[in-house]
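Colleague:
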Amino acid sequence: MCRISGWKEPTVDFIPLFETIPDLKKAGDIMKDLFNNPVYQNHLKGRKNKQTVMLGFSDGTKDGGYFMANWSIYKAKEALSELATEYGISMAFFDGRGGPPARGGGNTHEFYASMGDTIQNDDIQLTIQGQTISSNFGTLDSSQFNLEQLLSSGISNKILNPGKNNLSPEDRATMQEMADYSYQVYQDFKQHDMFIPYLERMSTLPYYAKTNVGSRPSKRGNSSSLKFEDLRAIPFVGSWSQLKQNVPGFYGVGTAINRFVKDGKLADVKQLYKNSRFFRTLLFNSMMSLTKSFFQLTAYMKEDKEFGAFWELIFNEYNLTKELLLKVSDFKSLMENEPAGKASIKAREEIVQPLLTIQQFALMELQELKSFSNSDPKKIQILEAMITRSLFGNINASRNSA
C-alpha cells in the first residue's frame, strides 16, 4: 500500500497482530526477521526506534482456551521485550482486550500489576469494550478511579515491587504444564462432533448478526455451513454468555489442575498460587466467569437426546473447575476476595435472568417449530424477534458479557 501510494519514507507505523497460539509462539522469530531487514531498520529510525505490537486476547482465547491464551501472550511479551532490548527498540504493546475474562478482560489493574520485569511496560495501549466505556468512564468519579487503577498498576510494578512478580523456573514449569494440559482439553472440546451444532441450534449465535452490536460481521467467509475458524470472538464468547455457561472463561482449567491432583502434585499448583500474582489473577478472572454461569437456565438440555451428553460435558467441567479453584485458593466461595465485584454481578444477574428465561423459551419453541415442514412463518418471526430483543437487553445489562 505504501509503495502504491508513492511513499518512499512512510510516516505511519506498521503494527503486526499476533493472536492465535501459533502466532504468539512465533511472534519473536517474526519480529526478529523484521528488525534484521535493512529497509525496515531505516523505517524504524525514522519512527524514533519505536515498535508497536498488537496482541489479540479475544481470538487467542477462542483459539487456545483461556489459560493457554493468557500464558502464550505473557510469553510472547517476554520474548518481544527481550528482542526489543537487544535491538535498542522501545516496544509498545497494544492489547486487544475485550470485556469479560473470556476475551482477555476481567480485572485490568490486577493483570498489568502482575507483569514481571521481563516485560517492557513503558507504553501500554488497550482497547476498551464498547458497553463498558460508559460504566468505566461515563462519570467523573468512575473515570478518575479507573484511570488511577490503570496508571497505578504500572507504577506499583516498577517502584513498589521490582522483581517481585518474576516467575521462578519451578513456577514457570508448572504454568507451562498446566497450560499444555488445558490446551489439549480445550482442543478436544472444540473438535467434539456436537460443538458447532450445539452453538448453531441451542444458542443465540445465529442471531448476533441481527442485533447490530458488533463492530464487524458475526463470521468470516461466505460459506453456508458454519466453521469454527470463521467465527468471530464477540458472537462466539457472547453466545456462551447468553447460555450462562461462559465456557471460554474456564474450560480446561479444572481438568488441568485435576491432572496435578491425580499426579500427587497439587502442592506445586498451590505454591504457584502463593508465589505468582499473574497466576492468581488468571484464577480470579476464571472465578468471575464461573460466578456469572447459571446452569439451571439450560438444565432442560440434559434430557435432550442429541445434545444432553454434550451439555453434561460442559457442566462437569464447570463443577470440577469450581471445586478445584476453591481448593487451590482455600476460599469458601468464588470471588471471596472481591465482595464488591461479586455484589455487582449478583445485582446484574437478577436483571438478566428473566430476560434469559424468555430467550430460552423462544429458542426452545423455535427449535420445535422448525422441526415441522408446515411451520407458521409469522410465529417464527415473532420468536426470532423475542430472541433478538432479549439479546439487546442482556448485552447492555451484563456490561462485559461479550
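So the numbering used here is basically just the index in the sequence shown, starting at one, shifted up by 5. From the three backbone atoms N, C-alpha and C, an ideal C-beta is built for every residue, glycine too.
For the region 123 to 182, list the beta strand (DSSP E) runs that are entirely contained and at least 3 residues long, ordered along the chain.
Modeller: Here the runs fully enclosed are 129 to 131.
Colleague: Roughly how many whole angstroms lie between the Cα atoms of Gly159 and Leu368?
Modeller: Locating residue 159 in the sequence shown gives position 154, where the first residue counts as 1. Locating residue 368 in the sequence shown gives position 363, where the first residue counts as 1. Taking the straight line joining both Cα atoms gives about 45 Å.
Colleague: Between the region 180 to 196 and the region 261 to 272, are three or more C-beta pairs nearer than 8 Å?
Modeller: In short, these stretches touch, since the Cβ pair count reaches three.
Colleague: What separation, rounded to the nearest whole angstrom, lies between the Cα atoms of Arg353 and Glu234?
Modeller: Numbered from its first residue, the sequence shown carries residue 353 at position 348. Numbered from its first residue, the sequence shown carries residue 234 at position 229. Those two C-alpha atoms are separated by around 32 Å.
Colleague: Throw me the rounded Cβ distance for the Thr260 and Gln364 pair, which I believe falls under 8 Å.
Modeller: Against the sequence shown, residue 260 aligns to sequence position 255. Against the sequence shown, residue 364 aligns to sequence position 359. Their Cβ separation, rounded to whole angstroms, is 29 Å, which puts Thr260 and Gln364 out of contact at 8 Å.
Colleague: Decide if Leu295 is buried, meaning its Cβ has at least 16 other Cβ atoms within 10 Å, or exposed.
Modeller: As a working note, residue 295 is residue 290 in the sequence shown. Buried, since its Cβ has 16 or more Cβ neighbours within 10 Å.
Colleague: Grouping DSSP H, G and I as helix and E and B as strand, with all else coil, what is Val58?
Modeller: Position 53 of the sequence shown, counted from the first residue, corresponds to residue 58. Strand at Val58.
Colleague: Hey, Leu339 and Met292 are a contact pair by Cβ (cut 8 Å); roughly how many whole angstroms apart?
Modeller: Taking the sequence shown and counting its residues from 1, the one referred to as residue 339 is at position 334. Taking the sequence shown and counting its residues from 1, the one referred to as residue 292 is at position 287. With 8 Å as the limit, Leu339 and Met292 qualify as a contact, their Cβ atoms being about 5 Å apart.
Colleague: By how many angstroms is the C-alpha of Val242 removed from the C-alpha of Ser220?
Modeller: Here residue 220 corresponds to residue number 215 of the sequence shown, with the count starting at 1. Here residue 242 corresponds to residue number 237 of the sequence shown, with the count starting at 1. Note that Ser220 scores a pLDDT of 49, beneath 50, so its modelled location is shaky and nothing firm can be said.
Colleague: Based on DSSP bridge pairs, tell me the residues matched to Phe200.
Modeller: One-based indexing of the sequence shown puts residue 200 at position 195. DSSP, once it has assigned bridges, lists no residue as partnering Phe200.
Colleague: Could you compute how far the alpha carbon of Ala4 sits from the alpha carbon of Phe255?
Modeller: Only positions 6 to 407 of the chain appear in the structure, and residue 4 is not among them; the question remains open.
Colleague: Just checking, does the region 121 to 135 make contact with the region 92 to 103 on the three C-beta pairs under 8 Å criterion?
Modeller: Touching, yes, given that three or more Cβ pairs across the two stretches are closer than 8 Å.
Colleague: Apart from the five residues on each side of it in sequence, which residues of its chain come closer than 7 Å, Cβ to Cβ, to Gly51?
Modeller: By one-based count along the sequence shown, residue 51 stands at place 46. Result list for Gly51: Glu14, in chain order.
Colleague: Based on DSSP bridge pairs, tell me the residues matched to Gly22.
Modeller: Taking the sequence shown and counting its residues from 1, the one referred to as residue 22 is at position 17. Per the sequence shown, the amino acid found at residue 22 is Leu instead of Gly. Note: Leu22 sits in a beta bridge opposite Met59.
Colleague: Which residues bound the beta strand (DSSP E) around Met3?
Modeller: Beyond the ends of the chain as shown, which are 6 and 407, falls residue 3; an answer cannot be given.
Colleague: For Phe320, I'd like the list of residues in its chain whose CB is within less than 6 Å of its CB, leaving aside the five on either flank, ordered along the chain.
Modeller: Counted from its first residue, the sequence shown places residue 320 at position 315. For Phe320, where only same-chain residues beyond five positions count, the Cβ hits under 6 Å are Phe300.
Colleague: Going by C-alpha to C-alpha distance, which of Glu182, Ala118 and Gln46 sits closest to Asn171?
Modeller: As a working mapping, residue 171 is identified with position 166 in the sequence shown. It is Ala118.
Colleague: In chain order, what residues of the same chain have a beta carbon less than 7 Å from the beta carbon of Leu271, not counting five sequence neighbours either side?
Modeller: Within the sequence shown, the letter at position 266 stands for residue 271. Taken in chain order, the residues that qualify are Phe265.
Colleague: How long is the line joining the alpha carbons of Met199 and Met59, rounded to whole angstroms?
Modeller: Sequence index remark: in the sequence shown, residue 199 carries index 194 (1-based). Sequence index remark: in the sequence shown, residue 59 carries index 54 (1-based). Using only the alpha carbons, I get a separation of about 33 Å.
Colleague: Starting from Glu87, trace the alpha helix (DSSP H) both ways and give me its first and last residue.
Modeller: The residue you call residue 87 lines up with position 82 of the sequence shown. Its alpha helix (DSSP H) spans residues Tyr71 to Glu91.
Colleague: Could you compute how far the alpha carbon of Gln125 sits from the alpha carbon of Lys163?
Modeller: Here residue 125 refers to the residue found at position 120 when the sequence shown is read from its first residue. Here residue 163 refers to the residue found at position 158 when the sequence shown is read from its first residue. Roughly 10 Å between the two C-alpha positions.
Colleague: Please report how far the alpha carbon of Thr57 lies from the alpha carbon of Ile138, in whole angstroms.
Modeller: Along the sequence shown, read from residue 1 onward, the residue named residue 57 stands at position 52. Along the sequence shown, read from residue 1 onward, the residue named residue 138 stands at position 133. Those two C-alpha atoms are separated by around 23 Å.
Colleague: For a test of the three-state rule: what should DSSP assign to Ser220, helix, strand or coil?
Modeller: Position 215 of the sequence shown, counted from the first residue, corresponds to residue 220. Only weak support is given to the placement of Ser220: the predicted model assigns it a pLDDT of 49, under 50, and the value that follows is read from those uncertain coordinates. If DSSP states are grouped into helix, strand and coil, Ser220 belongs with coil.
Colleague: With 16 other CB atoms within 10 Å as the buried threshold, where does Val17 fall?
Modeller: Position 12 of the sequence shown, counted from the start, is the residue given in the question as residue 17. Exposed, since its Cβ has fewer than 16 Cβ neighbours within 10 Å.
Colleague: Taking the alpha carbon of Leu287 as the point to measure from, which residue in Ile78, Glu355, Lys384 and Glu373 has its own alpha carbon closest?
Modeller: For the purposes of this step, residue 287 is taken as residue 282 along the sequence shown, with counting starting at 1. Nearest C-alpha to Leu287: Ile78.
Colleague: When we look at the beta-carbon of Arg237 and count the other beta-carbons within 10 Å, is it buried (16 or more) or exposed?
Modeller: Your numbering for residue 237 matches position 232 in the sequence shown. So Arg237 ends up on the buried side.
Colleague: Beta-carbon within less than 7 Å of Tyr92's beta-carbon, same chain only, minus the 5 sequence neighbours each way: which residues are those?
Modeller: Looking up residue 92 in the sequence shown gives position 87. Excluding positions up to five away in sequence, the list reads Phe40.
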